[in-house]
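Participant: 3 is the number of the first residue of the sequence shown in the working numbering; add one for each residue after it.
Input: one structure, supplied below.
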Amino acid sequence: MTTKSAGNRGEAEVAGYLRRRGYALLANQWRCRFGEIDLIARDTEGLLCFVEVKLRSNLQVGLPREYVTVAKQARLRSAAALYMSVKDLDEPARFDVAEVYDENGALRVEYLENAFE
3 MTTKSAGNRG
13 EAEVAGYLRR
23 RGYALLANQW
33 RCRFGEIDLI
43 ARDTEGLLCF
53 VEVKLRSNLQ
63 VGLPREYVTV
73 AKQARLRSAA
83 ALYMSVKDLD
93 EPARFDVAEV
103 YDENGALRVE
113 YLENAFE
(Lines of atoms letter the chains of each structure in order from A and count residues from 1; the text may use other names and numbers.)
(Lines give C-alpha, C1' and ligand atoms only; values in the text may rest on other atoms or scores of the structure.)
Protein backbone atom coordinates (compact mmCIF):
# COMPACT_ATOMS: atom_id res chain seq x y z
CA MET A 1 0.00 0.00 0.00
CA THR A 2 1.36 3.42 -0.92
CA THR A 3 1.69 6.21 1.61
CA LYS A 4 -1.04 8.16 -0.21
CA SER A 5 -3.51 5.26 -0.23
CA ALA A 6 -2.75 4.51 3.43
CA GLY A 7 -3.36 8.17 4.24
CA ASN A 8 -6.64 8.15 2.33
CA ARG A 9 -7.68 5.02 4.24
CA GLY A 10 -6.85 6.74 7.53
CA GLU A 11 -8.81 9.85 6.55
CA ALA A 12 -11.81 7.74 5.53
CA GLU A 13 -11.67 5.96 8.90
CA VAL A 14 -11.64 9.29 10.75
CA ALA A 15 -14.48 10.65 8.59
CA GLY A 16 -16.58 7.63 9.58
CA TYR A 17 -15.57 8.08 13.22
CA LEU A 18 -16.71 11.71 13.15
CA ARG A 19 -20.00 10.93 11.37
CA ARG A 20 -20.81 8.26 13.98
CA ARG A 21 -20.35 10.95 16.64
CA GLY A 22 -22.74 13.35 14.92
CA TYR A 23 -20.23 15.62 13.18
CA ALA A 24 -21.14 17.10 9.80
CA LEU A 25 -18.27 16.80 7.30
CA LEU A 26 -17.76 19.96 5.27
CA ALA A 27 -14.61 19.16 3.27
CA ASN A 28 -11.78 16.69 2.93
CA GLN A 29 -8.31 17.21 1.51
CA TRP A 30 -8.98 20.94 1.14
CA ARG A 31 -5.96 22.41 -0.61
CA CYS A 32 -4.65 25.95 -0.82
CA ARG A 33 -1.31 27.74 -1.11
CA PHE A 34 -0.53 26.97 2.56
CA GLY A 35 -1.01 23.23 2.20
CA GLU A 36 -3.84 20.81 2.83
CA ILE A 37 -6.41 20.44 5.58
CA ASP A 38 -7.26 16.75 5.89
CA LEU A 39 -10.83 17.13 7.19
CA ILE A 40 -13.08 20.06 8.01
CA ALA A 41 -16.16 19.30 10.09
CA ARG A 42 -18.75 20.84 12.35
CA ASP A 43 -19.20 19.17 15.73
CA THR A 44 -22.54 18.47 17.44
CA GLU A 45 -22.51 21.92 19.06
CA GLY A 46 -21.84 23.68 15.75
CA LEU A 47 -18.14 24.40 16.30
CA LEU A 48 -15.93 24.38 13.20
CA CYS A 49 -13.18 21.74 13.47
CA PHE A 50 -10.03 21.55 11.36
CA VAL A 51 -8.73 17.99 11.64
CA GLU A 52 -5.19 16.79 10.94
CA VAL A 53 -5.08 13.01 10.44
CA LYS A 54 -1.90 11.10 11.28
CA LEU A 55 -1.63 7.37 10.51
CA ARG A 56 1.05 5.22 12.11
CA SER A 57 1.75 1.51 12.22
CA ASN A 58 5.13 1.82 13.94
CA LEU A 59 5.20 3.69 17.24
CA GLN A 60 8.95 3.30 17.69
CA VAL A 61 9.39 6.63 15.90
CA GLY A 62 6.99 8.48 18.23
CA LEU A 63 3.32 9.25 18.62
CA PRO A 64 1.44 10.54 15.58
CA ARG A 65 0.63 13.84 17.34
CA GLU A 66 4.37 14.53 17.63
CA TYR A 67 4.50 14.92 13.84
CA VAL A 68 2.23 17.96 13.97
CA THR A 69 5.11 20.35 14.53
CA VAL A 70 4.91 24.05 15.36
CA ALA A 71 5.63 24.81 11.68
CA LYS A 72 2.84 22.43 10.57
CA GLN A 73 0.47 24.06 13.07
CA ALA A 74 1.28 27.49 11.62
CA ARG A 75 0.56 26.27 8.07
CA LEU A 76 -2.73 24.70 9.23
CA ARG A 77 -3.74 27.95 10.96
CA SER A 78 -3.02 29.90 7.77
CA ALA A 79 -4.94 27.39 5.64
CA ALA A 80 -7.87 27.47 8.09
CA ALA A 81 -7.95 31.28 8.01
CA LEU A 82 -8.03 31.19 4.21
CA TYR A 83 -10.81 28.56 4.23
CA MET A 84 -12.88 30.72 6.58
CA SER A 85 -12.25 33.77 4.41
CA VAL A 86 -13.22 31.95 1.19
CA LYS A 87 -16.37 30.57 2.84
CA ASP A 88 -17.13 33.95 4.49
CA LEU A 89 -17.12 32.43 7.98
CA ASP A 90 -16.46 34.42 11.13
CA GLU A 91 -16.87 32.05 14.03
CA PRO A 92 -14.92 30.13 16.65
CA ALA A 93 -12.98 27.10 15.46
CA ARG A 94 -10.60 24.54 16.87
CA PHE A 95 -7.78 22.33 15.62
CA ASP A 96 -7.99 18.61 16.32
CA VAL A 97 -5.58 15.76 15.63
CA ALA A 98 -6.86 12.31 14.80
CA GLU A 99 -4.29 9.61 15.44
CA VAL A 100 -4.97 6.49 13.43
CA TYR A 101 -3.19 3.33 14.50
CA ASP A 102 -2.87 0.46 12.04
CA GLU A 103 -2.91 -2.63 14.21
CA ASN A 104 -2.34 -5.51 11.81
CA GLY A 105 -4.76 -4.07 9.26
CA ALA A 106 -7.41 -2.96 11.76
CA LEU A 107 -7.57 0.79 12.25
CA ARG A 108 -8.09 2.43 15.64
CA VAL A 109 -8.73 6.17 16.09
CA GLU A 110 -7.59 8.31 19.01
CA TYR A 111 -9.18 11.76 18.68
CA LEU A 112 -7.59 14.80 20.34
CA GLU A 113 -9.74 17.94 20.50
CA ASN A 114 -8.00 21.33 20.73
CA ALA A 115 -4.72 19.57 20.02
CA PHE A 116 -2.75 22.80 19.49
CA GLU A 117 -3.44 24.27 22.93
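Note that CB positions come from ideal geometry on N, CA and C, so glycine has one too.
Bear in mind that the values here come from a model prediction, so they are computed numbers and not experimental data.
Taking the alpha-carbon of L28 as reference, which of R11, C51, A100 has the nearest alpha-carbon?
Facilitator: Checking every option, the nearest Cα to that of L28 belongs to C51.
Participant: What residues match up with E38 in a beta bridge as DSSP calls it?
Facilitator: Partner(s): R33.
Participant: Specify, as a first and last residue, the run of the alpha helix (DSSP H) that K197 falls within.
Facilitator: As displayed, the chain neither begins before 3 nor continues past 119, which places residue 197 out of reach and without an answer.
Participant: Name the one or two DSSP bridge partners that A26 has.
Facilitator: R44, per the DSSP bridge assignment.
Participant: Taking only three categories from DSSP, how would you classify A95?
Facilitator: Strand, per DSSP.
Participant: Taking the alpha-carbon positions, what's the K89 to A43 distance?
Facilitator: Whole-angstrom Cα-Cα distance: 13 Å.
Participant: Using 10 angstroms around the beta-carbon of R58, count the other beta-carbons present and answer buried if the total reaches 16, otherwise exposed.
Facilitator: It counts as buried.
Participant: In whole angstroms, what separates the C-alpha of A14 from that of A73?
Facilitator: Distance between the alpha carbons of A14 and A73: 25 Å.
Participant: Can you tell me whether E115 is helix, strand or coil according to DSSP?
Facilitator: In this structure, E115 counts as coil in the three-state DSSP scheme.
Participant: Less than 8 Å separating the beta-carbons of L25 and D45?
Facilitator: With the sequence shown as reference, residue 25 is identified as Tyr, and Leu is not the correct amino acid for it. Yes, the Cβ-Cβ distance between Y25 and D45 is below 8 Å.
Participant: What is the rounded straight-line gap between the Cα of G107 and the Cα of G12?
Facilitator: Cα-Cα distance, rounded: 11 Å.
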